[in-house]
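Line by line, the protein sequences are chains A and B. Our numbering puts the first residue of the first sequence at 13, with every later residue one more than the last. Our numbering puts the first residue of the second sequence at 21, with every later residue one more than the last. This report concerns only the one structure given below.
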Amino acid sequence: MSVATAETGIIGGIAAKFRTCPATGLKIDLAAEKLIKANAVAAVVFLLIGGLFGLLVALTRWPAVHLLPSDWFYLVLTAHGLDVLLLWILFFEIAVLYFASAVLLSCRLATPRLAWLAFLLMIVGGLMTNVAVLQGESSVMFTSYVPMKAEPHFYLGLILFAVGALVGVMVFFGTLVIARDERTYEGSVPLVTFGAITAAIIAVFTIASGAIILIPTFLWSVGYISHIDTVMYKLIWWGMGHSSQQVNVAAHVAVWYAIIAITVGAKPLSEKVSRTAFFLYILFLQLASAHHLLVEPGLSAEWRIFNTSYALYLAVLGSLIHGMTVPGAIEAAQRKNGFNNGIFEWLRKAPWNNPAFAGMFLSLVMFGFLGGISGVVLGTEQINLILHNTIYVPGHFHATVVAGTTLAFMAITYLLLPLIFQRQVIWPKLAMIQPYLFGIGVAGISLFMMGAGTLGVSRRHWDITFSDATVTFDYPATAFLMMGLNGIFAIVASLGGILYILITVGTVFFGKKVDASNVVASLGPMPEKQVSGAVHEYGSAGTWHLPGTYILVSVFFLSFVLYYFVNWKYLSEVWPLS
Amino acid sequence: MAIHPPEQTIWWNERIERGELVWIGVAFLWGVIMFSMMVYWHIDGKQNLSNEAYRIDPGVFEQRTEEFTKKFTVREDKNTGYPVAKPPAGGDVYMLARLWEWWPMLELEKGQTYRLHLSSLDWQHGFSLQPTNINLQVHPGIMHVVTLTPTETGSFGVVCNEFCGLGHHQMVGRIYVVEAGKSQ
Ligand code: HEM
Ligand SMILES: [Cu+2]
Ligand SMILES: [Cu+2]
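Right, dumping it as structure tokens:
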């Protein structure tokens, strides 16, 4: 069956135009396909803009370069946070949601018109907030803590954007209902879709929190409300701000599972375990907003401990489980593919030259080792005293949301280009190195920001030399060195980011058309199956033996324990306070 | 595969492998340990955040800080002209945050315990005591009372680490710590 010609047929009861994917046999609703494309393209555009802002920020924080003047620095930092964290991530997530519902379930997308409305609202809202920031009167950072005030259209843009995202999430749920009613799949939804459902459920909670806090703040900015409580604002704002990070985690873990399924043929070790791990995110995430309020006045210690640990550690448990089942599924699949010698042949012979796989694996490792461990340490009630609002915090979340989420999304792009855009990736050689370039850069900025933060360097700060301040303070020379290295690795990360954008945009416009004859080759290098040594029945059915994964997980666990207690040691050395 | 429906339709009955179960057990226990560490530190640790906080009108806080400063100022700081207040050991100490300064400067004695009162007159600020590295959030309208014991002598910076507008990076205060019975 040829790909280029669309057919009219029945998907899910109603006549819709669809094509059949030659690689997977899935029926792809053309309306869904267009929407996936539109959202992905918007995402990439905002990544470009926001990423360049990030570079400018990093170059300014490099003391020897100190690029921007102070007012521009705070403006650009506000824009950076908004464009990458909100716009890039959420547009891409909407694309992932449509993919995980309509495409993976071979279903038509519910109400494409509403989905376009959602897209439009998100664009208008996103642009409005950007305009507000660029006009210069809304340099309040993306957190916009009251009583610092931005222009009304700053908040209004965010609200429109959030409403758009909510409509998109509803379209996703609608599609699930249609697929189920009309039996476009058998049994339960695939694990990837299950992960996407997790993300979507949390997203509803997130957006509701956003509405609860942003609508009054908007009214306050135009003068209808006189006062907003500063602690309450933070509590609810982070109900959105933190939970949305769990949306990201659920989404990128789902993306990991999708990539390893397509590139090495991995299937979940146990459907039950992986699904339960996703479910833990839903159950135990909401209260994590508390760990942004660990050094705030007036909240009881019991409240802080309960909300950060009881709730948080069970969500952490979810991630720890995926941290084992994802490499485990790869190992099982690779052993089945025939790479069954020794402990690590499966890993050595993994398709490292396939950017989708390489990006996914780097994302997994860096999210776990850098982002996950630092996040738990940072969110420990007392340890937060020595890290709160230092540049350790951006160090941590560049490991989660950039090395983790962003890199995972970049990785799956290399599969979406041939499967959805039906174009062959141009410059396959450059594509091969792109995840490494970006990964190394981001690992660098995460580590050096964390290092500087441990030495007390403040986040969101224009000048750690205090050249124009009356009272000054000298940070240690190491702190300056770290901020310089951060600048250098920011350049590396930016090169990786720019390369990603050149490749994706170039591919969309100039890539060779993909059809049935070349679709499999277009997915990038795959592991050669060495059938002779192959082991049968790994994964959901049958027993398995995964020494490599156990070793990796043990190394991870030991690093975690060590680093955790090292930070308690640091804490014990500061002035006693109570 | 993860992009297809589960192979076994009744997937929730399948057996979980031992390796997976062991890891879940270890990870769960680790969570319990991390939880216990925080509780333990409240009982036996020396660095805990104070729960003592009061709603206060910024004007009232300003007035109290001014009274405190008037009463205990021992000198003007050499280069900056800021008043340096040296309260009696063990007493109440005030420091206010406003756009864009920490006021006044303080002189404390090593090994003595003080009740530090912190609040903001306008926006949120971040009290980041360097290089010892203690970081507290300061809100307008809330007075946070923190019991603090300096353990080393020297000159310490109070860097603002909550973004507070265009002068944020100029907002630095100072706490001097001297040996008991001595002065700077
Ligand atoms: C080329 C890539 C990037 C570079 C070089 C970069 C660099 C930086 C730097 C240096 C900071 C400022 C730290 C501070 O002064 O407080 C920052 C802040 C931030 N970055 Fe990035 N970043 C990059 C990509 C991203 C991406 C892809 C995301 C999100 C997905 C992201 C999210 C954020 C957020 C949310 C902040 C905090 C802004 C704030 O404090 O208000 N960054 N980034
Ligand atoms: Cu300040
Ligand atoms: Cu500040």
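Beta carbons: idealized from backbone N, C-alpha and C, even for Gly. These numbers come from a predicted model, not from an experiment.
- [ ] Answer yes or no: the CB of B:N155 versus the heavy atoms of ligand 3, is any distance below 8 angstroms?
- [x] Start at 1 with the first residue of the second sequence, and residue 155 of chain B comes out as number 135. B:N155 has its CB no nearer than 8 angstroms to any heavy atom of ligand 3.
Task: Closer than 8 angstroms: B:E182 CB and nearest ligand 3 heavy atom - done: Taking the second sequence and counting its residues from 1, one reaches residue 182 of chain B at position 162. Answer for B:E182: yes, Cβ within range of ligand 3.
Task: Any C-beta of chain B under 9 angstroms from that of A:T242 - done: By 1-based counting over the first sequence, the position of residue 242 of chain A is 230. Interface criterion met: the Cβ of A:T242 is under 9 angstroms from a Cβ in chain B.
Open item on the list: ligand 1 and A:I101: does any heavy atom of the ligand fall closer than 8 angstroms to the residue's C-beta?
Closed with: The sequence position of residue 101 of chain A within the first sequence is 89, counting from 1. Yes.
- [ ] Run the proximity test for B:W120: is its beta-carbon closer than 8 angstroms to any non-hydrogen atom belonging to ligand 2?
- [x] Position 100 of the second sequence holds residue 120 of chain B. Yes.
Open item on the list: Can you determine whether any heavy atom of ligand 2 sits closer than 8 angstroms to the C-beta of B:M191, and answer yes or no?
Closed with: Residue numbering aside, residue 191 of chain B sits at position 171 when the second sequence is read from its first letter. Within the cutoff, so yes.
- [ ] Compute the minimum distance between the beta carbon of B:W123 and the heavy atoms of ligand 2, and state whether it is under 8 angstroms.
- [x] Your numbering for residue 123 of chain B matches position 103 in the second sequence. Not under cutoff, so the answer is no.
- [ ] Inspect the beta-carbon positions of A:Y502 and A:L71 and report whether they are closer than 9 angstroms.
- [x] Taking the first sequence and counting its residues from 1, the one referred to as residue 502 of chain A is at position 490. Taking the first sequence and counting its residues from 1, the one referred to as residue 71 of chain A is at position 59. For the record, residue 502 of chain A in the displayed sequence is Ala; it is not Tyr. Going by C-beta atoms, A:A502 is nearer than 9 angstroms to A:L71.
Open item on the list: Is any non-hydrogen atom of ligand 2 found closer than 8 angstroms to the C-beta of A:H334, if you look at the structure I gave you?
Closed with: Locating residue 334 of chain A in the first sequence gives position 322, where the first residue counts as 1. No, the beta carbon of A:H334 sits no closer than 8 angstroms to any heavy atom of ligand 2.
Task: Residue-level contact to chain A via CB, B:V158, 9 angstroms cutoff - done: Within the second sequence, numbered from 1, the residue matching residue 158 of chain B stands at position 138. Output row for B:V158: interface = yes.
Open item on the list: Within 9 angstroms of any Cβ in chain A, is that where the Cβ of B:A47 sits?
Closed with: For the purposes of this step, residue 47 of chain B is taken as the residue at position 27 of the second sequence. B:A47 counts as touching chain A.
TODO: Would you give the residue range spanned by the beta strand (DSSP E) that B:Q150 belongs to?
DONE: Position 130 of the second sequence, counted from the start, is the residue given in the question as residue 150 of chain B. Taken as a continuous stretch (DSSP letters only), the beta strand (DSSP E) holding B:Q150 covers H145 to Q150.
TODO: Determine the DSSP secondary structure at A:R316, reduced to helix, strand or coil.
DONE: The residue labelled residue 316 of chain A in the question sits at position 304 within the first sequence. Helix at A:R316.
Open item on the list: Just verifying my parser: in three-state terms, what is the DSSP assignment at A:W249?
Closed with: As a position in the first sequence, residue 249 of chain A is number 237, starting the count at 1. A:W249: helix per DSSP, three-state reduction.
Task: Cross-chain neighbours of B:R194 in chain A, by beta carbon under 7 angstroms - done: Start at 1 with the first residue of the second sequence, and residue 194 of chain B comes out as number 174. Going along chain A in sequence order, the residues near B:R194 (Cβ under 7 angstroms) are V483.
TODO: Could you tell me whether the segment 349-356 of chain A touches the segment 556-573 of chain A, using the rule of 3 or more Cβ pairs below 8 angstroms?
DONE: yes
Task: Extent of the continuous beta strand (DSSP E) to which B:Y74 belongs - done: One-based indexing of the second sequence puts residue 74 of chain B at position 54. Element bounds for B:Y74: A73 to R75.
Open item on the list: At the level of alpha carbons, what is the spacing between B:G193 and A:A481?
Closed with: By one-based count along the second sequence, residue 193 of chain B stands at place 173. By one-based count along the first sequence, residue 481 of chain A stands at place 469. Computed Cα separation, rounded: 10 angstroms.
TODO: Answer with buried or exposed for A:S566, where buried requires no fewer than 16 other C-beta atoms within 10 angstroms of its C-beta.
DONE: Taking the first residue of the first sequence as position 1, residue 566 of chain A is located at position 554. Result: exposed.
Task: Meets three-Cβ-pair contact criterion under 8 angstroms: the segment 574-586 of chain A and the segment 61-75 of chain B - done: Result yes; three or more Cβ-Cβ pairs closer than 8 angstroms.
TODO: Keeping to the same chain, check which residues put their C-beta closer than 6 angstroms to that of B:G201; ignore five residues upstream and five downstream.
DONE: Numbered from its first residue, the second sequence carries residue 201 of chain B at position 181. If we look at B:G201 and ignore the five residues flanking it on each side, it has no Cβ neighbours.
Open item on the list: According to DSSP, is B:V198 part of a helix, a strand, or is it coil?
Closed with: In the second sequence, residue 198 of chain B corresponds to position 178, counting from 1. The answer is strand: DSSP assigns B:V198 an E or B state.
TODO: Just grab the DSSP bridge partners of A:G387 for me.
DONE: For the purposes of this step, residue 387 of chain A is taken as the residue at position 375 of the first sequence. Paired residue(s): none; A:G387 is not in a bridge.
TODO: Determine the burial state of A:I403: buried for a count of at least 16 other Cβ atoms within 10 Å of its Cβ, exposed for fewer.
DONE: Counting from 1 along the first sequence, the entry for residue 403 of chain A is found at position 391. Buried, since its Cβ has 16 or more Cβ neighbours within 10 Å.
TODO: Assign A:D193 to one of three DSSP states: helix, strand, or coil.
DONE: Along the first sequence, read from residue 1 onward, the residue named residue 193 of chain A stands at position 181. DSSP, read as helix, strand or coil, puts A:D193 in helix.
Task: Reduced DSSP category for A:T155 - H, G, I as helix; E, B as strand; rest coil - done: Here residue 155 of chain A corresponds to residue number 143 of the first sequence, with the count starting at 1. DSSP places A:T155 in coil when its eight states are reduced to three.
TODO: Could you give the DSSP three-state label for A:V136: helix, strand or coil?
DONE: Reading the first sequence from its first residue, position 124 is the one you call residue 136 of chain A. Reduced to three states, the DSSP call for A:V136 is helix.
Task: Own chain partners of B:S139 with C-beta closer than 8 angstroms, once the 5 adjacent residues on each side are dropped - done: As a working note, residue 139 of chain B is residue 119 in the second sequence. These residues qualify, in order along the chain: I76, P78, F81, L116, A117, V158, H159, P160, G161, I162, M163 and H164.
Task: Neighbourhood of A:R287 by C-beta distance below 6 angstroms, restricted to the same chain and skipping five residues each side - done: Mapped onto the first sequence, residue 287 of chain A falls at position 275. Taken in chain order, the residues that qualify are F206.
Open item on the list: I want to see whether chain B comes within less than 9 angstroms of A:H473, judged by CB atoms only; does it?
Closed with: As a working mapping, residue 473 of chain A is identified with position 461 in the first sequence. Chain B contact via Cβ: present.
TODO: Please state if the CB of A:G508 and the CB of A:G451 are separated by a distance shorter than 9 angstroms.
DONE: Against the first sequence, residue 451 of chain A aligns to sequence position 439. Against the first sequence, residue 508 of chain A aligns to sequence position 496. Closer than 9 angstroms, so yes.
- [ ] Measure from the alpha carbon of A:P367 to the alpha carbon of each residue in A:V437, A:N319, A:L332 and A:L116, then state which is nearest.
- [x] Counting from 1 along the first sequence, the entry for residue 367 of chain A is found at position 355. Nearest neighbour of A:P367 by Cα position, chosen from A:V437, A:N319, A:L332 and A:L116, turns out to be A:V437.
- [ ] Would you decide whether A:S386 is buried or exposed? Buried here means 16 or more other CB atoms lie within 10 Å of its CB.
- [x] To locate residue 386 of chain A, count along the first sequence from 1; it is residue 374. Per the 10 Å Cβ criterion, buried.
TODO: Taking A:G350 as part of the alpha helix (DSSP H), name the residues at either end of that continuous run.
DONE: As a first step, residue 350 of chain A is located in the first sequence; it is residue number 338 there, counting from the start. Note, A:G350: premise wrong, no alpha helix (DSSP H); not H, not E.
Open item on the list: Relative to the C-alpha of B:L156, which candidate in B:Q190, B:I53, B:A73 and B:W43 has its C-alpha closest?
Closed with: Stepping through the second sequence from its first residue, residue 156 of chain B is reached at position 136. Measuring from the Cα of B:L156, the nearest candidate turns out to be B:A73.
- [ ] Check the Cβ-Cβ distances between B:Q28 and every residue of chain A, and say whether any is below 9 angstroms.
- [x] Along the second sequence, read from residue 1 onward, the residue named residue 28 of chain B stands at position 8. Yes - at least one Cβ of chain A is within 9 angstroms of the one on B:Q28.
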